[in-house]
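Take the sequence shown: its position 378, counting from 1, is numbered 378 in the UniProt record's numbering, and each next residue is one higher.
By construction, the Cβ of each residue, glycine as well, lies at the ideal position given by its N, Cα and C atoms.
Remember, it's a predicted structure, so these values are computed and weren't measured experimentally.
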Amino acid sequence: MTAHTALPANAPAFCAGMFHFGESWPNFQEYGRSAAIATGRKAIPNPAAMEAVYQTLLMADALRYCTLQICAAKSSGHPGGFASSTEAYAALVMLGHTNIVTEVGHHAPGFYSAMFLDCSLEEMGIRDMNDMMARFREQHGLLGHLSGAIPGLLAPAGPLGQGQHFAMAGALLHPGTLFPVTIGDGGFGEPYVLSAMKHFHFAYPRVTNYLPVLVWNGFSQEHHSMVSLMTNDEMIAYWRAHDFDEVILVDAKNFDDAGQEGAYVDSTRFSFGQRLAFMEAVLTGMAKAADGALGGRHTAFILKQMKGAGVHVLGAKSHNLYPKDTPDSPEIKAALECRALSPESWALVRENFLRAGGGPAAKTAVTEQVLEIAKLGEFPLEDFALGEPVVPATAMGALVAWVGQQDPRFVVTNADGNEASAMKNINDALKIRHPTEDPLYNQQPSGQVYEPLNEDACAGLAAGLALLGSRSLWLSYESFAINGWPIMQTVAQAMAELRRKTPSTVCMFTAGALEQGRNGWTHQRPEIENYFAAQMRNGNVFLLYPTDANAIQAAYEYAVNSVNKSMVIIASKSPLPVRLTMTQAREAVRKGAALLHDAGTGNRGTVTLAVTGDMVLLPVFAASQVLEKEGYRVRILSVINPRQLYRPADVAAHTVSEADKGFMCDTDFHDLFIGEVLLGISGGTSGALEPVLLRSRARQRDVLAWLRGETTATPAELMAFNGITVESIVNKIHGLDAG
1 MTAHTALPAN
11 APAFCAGMFH
21 FGESWPNFQE
31 YGRSAAIATG
41 RKAIPNPAAM
51 EAVYQTLLMA
61 DALRYCTLQI
71 CAAKSSGHPG
81 GFASSTEAYA
91 ALVMLGHTNI
101 VTEVGHHAPG
111 FYSAMFLDCS
121 LEEMGIRDMN
131 DMMARFREQH
141 GLLGHLSGAI
151 PGLLAPAGPL
161 GQGQHFAMAG
171 ALLHPGTLFP
181 VTIGDGGFGE
191 PYVLSAMKHF
201 HFAYPRVTNY
211 LPVLVWNGFS
221 QEHHSMVSLM
231 TNDEMIAYWR
241 AHDFDEVILV
251 DAKNFDDAGQ
261 EGAYVDSTRF
271 SFGQRLAFME
281 AVLTGMAKAA
291 DGALGGRHTA
301 FILKQMKGAG
311 VHVLGAKSHN
321 LYPKDTPDSP
331 EIKAALECRA
341 LSPESWALVR
351 ENFLRAGGGP
361 AAKTAVTEQV
371 LEIAKLGEFP
381 LEDFALGEPV
391 VPATAMGALV
401 AWVGQQDPRF
411 VVTNADGNEA
421 SAMKNINDAL
431 KIRHPTEDPL
441 YNQQPSGQVY
451 EPLNEDACAG
461 LAAGLALLGS
471 RSLWLSYESF
481 AINGWPIMQT
491 VAQAMAELRR
501 KTPSTVCMFT
511 AGALEQGRNG
521 WTHQRPEIEN
531 YFAAQMRNGN
541 VFLLYPTDAN
551 AIQAAYEYAV
561 NSVNKSMVII
571 ASKSPLPVRL
581 TMTQAREAVR
591 KGAALLHDAG
601 TGNRGTVTLA
611 VTGDMVLLPV
621 FAASQVLEKE
631 GYRVRILSVI
641 NPRQLYRPAD
651 VAAHTVSEAD
661 KGFMCDTDFH
671 DLFIGEVLLG
681 ISGGTSGALE
691 PVLLRSRARQ
701 RDVLAWLRGE
711 TTATPAELMA
721 FNGITVESIV
731 NKIHGLDAG
């Protein structure tokens with residue numbers, strides 16, 4: 001990295017470290033004499049006024065310059081995609097709409113540049129361009145992809161196809177505030193972007209205050225985008241087919257006076273007059289789009305401009321920088337010199353950024369304050385009698401219904417399966433949100449149960465609501481959860497970094513593998529449990545296996561009352577015997593495990609059976625009777641909250657906000673998991689048993705767990721196929737004891 005220019009005497013202090021400064025643009029004295037956003041105002045008064053257009057274009061080039069310089073400083077990062085969107089981003093800011101999210105993680109340097117220019121990054125000690133370059137793409141700095149932990153930014157971005165969920169959640173929670181979301185045409189092929197918005201609009205027809213902004217630049221990361229050959233009319237029709245009332249498209253090609261070939265052009269190559277004309281079209285079009293979205297019309301805005309507009313190279317080649325791309329590289333240097341602003345222009349850009357939306361996003365964004373939510377008080381837990389057969393899912397459903405009745409903003413999401421999961425009581429109480437009112441199906445336009453037939457949309461809204469400060473619950477079959485889990489993982493990591501408290505994401509995955517025998521392997525995919533288990537080491541992810549109907553109530557209470565965590569509950573929808581009192585269950589959920597059975601004596605030594613799950617306890621208890629007759633002392637332990645059974649050093653709890661460090665101490669663990677032989681048993685996968693196996697002092701240890709799915713008539717037959725039977729448990733103990 002080479003510094004090229006000393007800071008001019010009249011340059012603002014935040015410009016320290018900028019490599020190049022330019023001359024003021026033509027007519028600066030006329031259109032740049034004072035900020036277009038007046039003192040005490042949050043937005044420009046007239047988007048067609050020439051001073052507003054002029055200064056919005058200045059802001060667009062300022063964003064381009066900062067984006068390219070910080071990327072070049074590290075010879076890394078992604079400048080091209082954001083560069084083609086800067087006119088749209090600047091227009092939103094000048095119009096006072098600064099609660100902006102994106103689904104494009106590669107736009108990170110552009111969003112960071114915006115937070116730099118509005119002073120938000122001063123919250124993390126970034127005050128000038130030298131600081132920006134030093135902290136870009138560094139730990140404890142500005143991550144390569146967007147993080148919601150960065151001051152002023154509402155949500156993370158990295159995996160494509162997620163941003164619209166955050167915008168819709170924000171719109172639902174904050175009526176009257178616009179939530180624009182930028183969407184790249186490269187990621188437009190992600191399967192659920194438009195369908196998610198269409199279902200949301202049918203469910204919440206009056207919630208239109210989110211504004212998708214398609215950055216249609218013709219390219220993806222390394223090639224043309226799949227929609228690059230669509231005509232403008234076809235693209236508009238595509239959005240209209242997804243229920244958008246109004247689609248406003250501004251095509252840079254219509255303003256080109258530089259003779260550029262192809263459907264996609266670079267507006268920075270236009271004459272200055274045409275650049276202003278293009279900027280005016282974007283600014284006035286965006287104003288119309290924002291007014292429509294805030295006024296009850298389902299609106300989208302599309303900016304069509306070549307990827308890499310105004311930076312070092314065009315098309316997909318502008319997407320990423322490589323080691324050869326330094327500030328002194330001819331293409332980078334030329335682009336920076338071309339985009340460089342005068343010191344007076346930088347001061348003007350900063351002034352507009354500081355006033356837009358009422359101040360720096362770090363002070364004004366909706367996520368910079370803890371959202372006030374309804375107080376719940378004591379949960380109405382029902383203490384079922386020991387031995388009583390009760391459906392765990394139904395017991396939890398009663399609590400979910402109660403939470404929704406206490407908290408009108410609470411939303412349950414499920415891909416049309418509450419009734420099939422023995423949780424009809426949720427639908428009875430909270431109603432499915434649906435435009436067709438039908439009491440037979442519990443459908444009501446004002447319901448609190450959101451049911452798109454799409455796990456991504458279910459997980460997306462639930463995760464978005466939790467991240468932005470409201471309670472939610474995602475319910476699914478365990479076998480289908482993988483289709484929605486990526487956004488939950490994204491949000492879990494974001495919550496680990498947040499500087500504020502927010503309700504945890506809470507999920508319950510029912511109809512586990514053992515209950516889906518007749519449906520075959522398509523419904524028997526518990527392998528996702530190992531995914532969850534691996535995430536337990538993150539520091540804020542908890543995988544809960546309630547033992548019975550009492551334990552699932554305790555687990556849900558525990559999850560709802562937690563903050564900044566990801567809580568995953570795995571349970572059955574079949575009647576199963578109650579094995580813990582409510583008092584025991586509540587203690588065990590927090591502690592990590594519970595003793596369900598202890599034979600007390602045995603002349604052949606002590607065998608500990610450590611079990612995750614509920615239905616799988618049936619063969620375990622039956623096996624214990626056989627083993628006890630053979631002279632073993634058998635102890636059966638229910639591993640309910642395995643994350644608490646790790647050792648503190650195993651988990652990154654010290655790195656996360658609102659950390660739970662209530663790990664079971666060594667003394668308690670070894671008092672609980674005693675015995676010469678330890679056998680871990682799971683009706684699902686074995687990953688959750690890792691902390692038990694790591695800490696156990698048993699002479700012999702082994703595991704019985706899920707192998708794969710098969711079509712069977714009964715759960716017992718399916719367990720037998722997977723080697724989880726009384727006979728296999730007994731034989732395994734014999735083999736371990738002999739060893």
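Asked: SER220 Cβ short of 8 Å to the ligand SAM heavy atom set; Found: The ligand SAM is absent from the structure shown, which contains no ligands of any kind.
Asked: Buried or exposed by the 16-neighbour rule on C-beta atoms within 10 Å, applied to GLY684; Found: buried
Asked: Contact the stretch 365–374 vs the stretch 78–94: 3+ CB pairs below 8 Å; Found: no
Asked: SER34 to ALA49 span [Cα, whole Å]; Found: 14 Å
Asked: Range covered by the beta strand (DSSP E) that runs through PRO212; Found: 210–216
Asked: Cβ-based neighbour list, GLY469, same chain, cut-off 6 Å, excluding 5 preceding and 5 following; Found: LEU371, THR502
Asked: Integer Cβ distance of GLU563 from GLU419, believed to fall under 8 Å; Found: Just to set this straight, residue 563 is Val in the shown sequence, not Glu. Incorrect: roughly 31 Å between the Cβ atoms, too far for contact.
Asked: Cα-Cα separation, ALA585 to PRO526; Found: 24 Å
Asked: Same chain, Cβ closer than 8 Å to GLY163, neighbours up to 5 away in sequence not counted; Found: VAL101, THR102, GLU103, VAL104, ALA155, ALA157, VAL181, THR182, ILE183
Asked: Beta-carbon proximity of ASP456 to GLY161, cut-off 9 Å; Found: yes
Asked: Opposing strand residues paired with PHE179 [DSSP bridges]; Found: TYR210
Asked: Residues bridged to ARG633 (per DSSP); Found: THR606
Asked: Three-state secondary structure (DSSP) of THR51; Found: The amino acid occupying residue 51 in the given sequence is Glu; Thr does not appear at that position. Of the three classes helix, strand and coil, the one that applies to GLU51 here is helix, per DSSP.
Asked: C-alpha gap between PHE111 and GLY148, whole angstroms; Found: 11 Å
Asked: Cβ shell of ARG471 (< 6 Å), same chain only, five flanking positions each side left out; Found: ASP407, PHE410, PRO503
Asked: Element boundaries [alpha helix (DSSP H), containing ILE37]; Found: Here ILE37 belongs to no alpha helix (DSSP H), and DSSP marks it neither H nor E.
Asked: Contained alpha helix (DSSP H) runs [length at least 4] in the stretch 93–134, N- to C-terminal order; Found: 108–117
Asked: Contacting residues, own chain, Cβ-Cβ under 7 Å from ILE426 (five flanking each side not counted); Found: GLY397, VAL400, ALA401, VAL412, ASN418, VAL449
Asked: Assigned exposure category for PRO691 - 16 Cβ within 10 Å defines buried; Found: buried
Asked: Sequence-distant residues of its chain with Cβ nearer than 7 Å to ALA13 (five each side left out); Found: ASP128
Asked: CB contact flag (THR522, GLY709, <9 Å); Found: yes
Asked: Rounded separation between residue 747 and HIS654 - CA only; Found: As displayed, the chain neither begins before 1 nor continues past 739, which places residue 747 out of reach and without an answer.
Asked: Sequence-distant residues of the same chain with beta carbon closer than 7 Å to THR606, five excluded per side; Found: ARG633, ARG635, ILE674, GLY675, GLU676
Asked: Residue from LEU704, ALA554, ARG518 with nearest C-alpha to VAL616; Found: LEU704
Asked: Inter-residue spacing [alpha-carbon to alpha-carbon] between GLY170 and ALA481; Found: 24 Å
Asked: Sub-9 Å separation of SER285 and VAL250 beta-carbons; Found: It is Gly, not Ser, that sits at residue 285 in the sequence shown. Yes. Within cutoff.
Asked: Secondary structure, alpha helix (DSSP H): runs of 4+ residues fully inside the stretch 197–263; Found: 232–241
Asked: Unbroken alpha helix (DSSP H) run spanning ILE674, endpoints; Found: Neither: ILE674 is in no alpha helix (DSSP H) and is coded neither H nor E.
Asked: Backbone CA spacing between VAL611 and VAL639 [nearest angstrom]; Found: 6 Å
Asked: Coil, strand or helix - TRP485 by DSSP; Found: helix
Asked: Under 9 Å between C-beta atoms of LEU637 and THR608; Found: yes
Asked: Close-in-space but distant-in-sequence residues of the same chain around LEU672 (CB under 7 Å, 5 per side omitted); Found: ALA593, LEU595, LEU637
Asked: Buried or exposed by the 16-neighbour rule on C-beta atoms within 10 Å, applied to LYS307; Found: buried
Asked: Cβ contact (3+ pairs, closer than 8 Å) linking the stretch 342–362 and the stretch 20–40; Found: yes
Asked: Contacting residues, own chain, Cβ-Cβ under 6 Å from PHE244 (five flanking each side not counted); Found: HIS298, ALA300
Asked: Residue-level contact to chain C via CB, ALA13, 9 Å cutoff; Found: In the structure shown, chain C does not exist; there is a single protein chain.
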